[in-house]
Amino acid sequence: MSRICLILIFGLYHLGFASNIVVYREVSVKSLYLRAGPNKNFEILKKLKKGDVLEFVEKKYGWTRVVLPSDTPLYVYREMVATSGNRAIVVKNRVNVRARPHLNSSVITQVNRGEILKIMDIEKKWIKIYPPAGATGWVKSEYLKEYEQKPVSDTTTDTAEKEVAVEEEQESEGIEAQESSRDQLSIVQNQIFRGKITDVGRILGRKSRYKLETEEGMYYLKGSEDLLLQYLDREVIIEGEKVDRDLIYIHNIIDADN
1421 MSRICLILIF
1431 GLYHLGFASN
1441 IVVYREVSVK
1451 SLYLRAGPNK
1461 NFEILKKLKK
1471 GDVLEFVEKK
1481 YGWTRVVLPS
1491 DTPLYVYREM
1501 VATSGNRAIV
1511 VKNRVNVRAR
1521 PHLNSSVITQ
1531 VNRGEILKIM
1541 DIEKKWIKIY
1551 PPAGATGWVK
1561 SEYLKEYEQK
1571 PVSDTTTDTA
1581 EKEVAVEEEQ
1591 ESEGIEAQES
1601 SRDQLSIVQN
1611 QIFRGKITDV
1621 GRILGRKSRY
1631 KLETEEGMYY
1641 LKGSEDLLLQ
1651 YLDREVIIEG
1661 EKVDRDLIYI
1671 HNIIDADN
């Protein structure tokens, strides 16, 4: 094997190794807000203190993106999960995880059907959860300093991973049964539809001036006009009743893309 080939292989090996290095940053001021986005207008997710260590993701426009600490509270809409003890299993795809328990709040990340979330608390329409994998937030870069040593393992995260591994097999049958029961109940009572709300105009004989554009086709929409106008031209998840072949009566907007 030529010397050049050996040099290339050696270089590629070390390049791959370097890409797996985790970088950390340490909070250098007395207190620092961790926000949902790289701007002071975004929601505060958590108040950090001097000495807190954060896993670095990227730096942009004077802000640093970091992995959320394991005790940062986030929210998912209650109808999007099936609960079992302190676990919630996601029953739909592309479910928004938000900074606050309301639809206008920033989307931190999305989770998909089958993912398991750890519950902090259950509220009326929302479930407060611990951050899922990949959830990130932003802090001002000027208030961070380099941290060269890897921090002590996060006890909460380690414990949660162990609990999931131990309980996953025991809970799977119960969770699947609960998920199936909820899906069947949704079909009997209300259905879930995802699509974009559009205004097609008011014409005599037309069932409604509002339509929902979905992957399956187009549906006319009936319901609160104030609600429809609020989410006009936005991708939404609707809880409603299909009262005709091409007509849906809206009961609620479960979620909407920003």
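So the sequence shown is numbered by this note's numbering: it starts at 1421 and just counts up by one. Ideal Cβ placement from N, Cα and C applies to all residues, glycine included. Remember, it's a predicted structure, so these values are computed and weren't measured experimentally.
Work out the CA separation of Ala1555 and Tyr1639 for me, nearest whole Å.
34 Å
Pair every Cβ in the stretch 1483-1498 with every Cβ in the stretch 1447-1465, then say whether three or more of these pairs are closer than 8 Å.
Yes: at least three Cβ pairs fall under 8 Å.
How is Leu1624 classed by DSSP in three states: helix, strand or coil?
Here DSSP, grouped into helix, strand and coil, assigns Leu1624 to coil.
From Gly1637 to Ile1441, what does the alpha carbon distance come to, in whole angstroms?
47 Å
Check Asp1666 in the structure and name its three-state DSSP category.
coil
Please report the straight-line C-alpha distance between Thr1492 and Met1540, rounded to a whole angstrom.
10 Å
Spatial neighbours of Phe1476 within its chain, please: C-beta separation below 7 Å, excluding the five flanking residues on both sides.
Val1443, Tyr1444, Arg1445, Thr1484 and Val1486
When we look at the beta-carbon of Leu1494 and count the other beta-carbons within 10 Å, is it buried (16 or more) or exposed?
buried
Counting C-beta neighbours from all protein chains within 10 Å, is the total for Ser1451 16 or more, i.e. buried, or is it exposed?
Residue environment for Ser1451: exposed (fewer than 16 other C-beta atoms within 10 angstroms of its C-beta).
According to DSSP, is Arg1455 part of a helix, a strand, or is it coil?
Correct three-state label for Arg1455: strand.
Could you give the DSSP three-state label for Arg1445: helix, strand or coil?
strand
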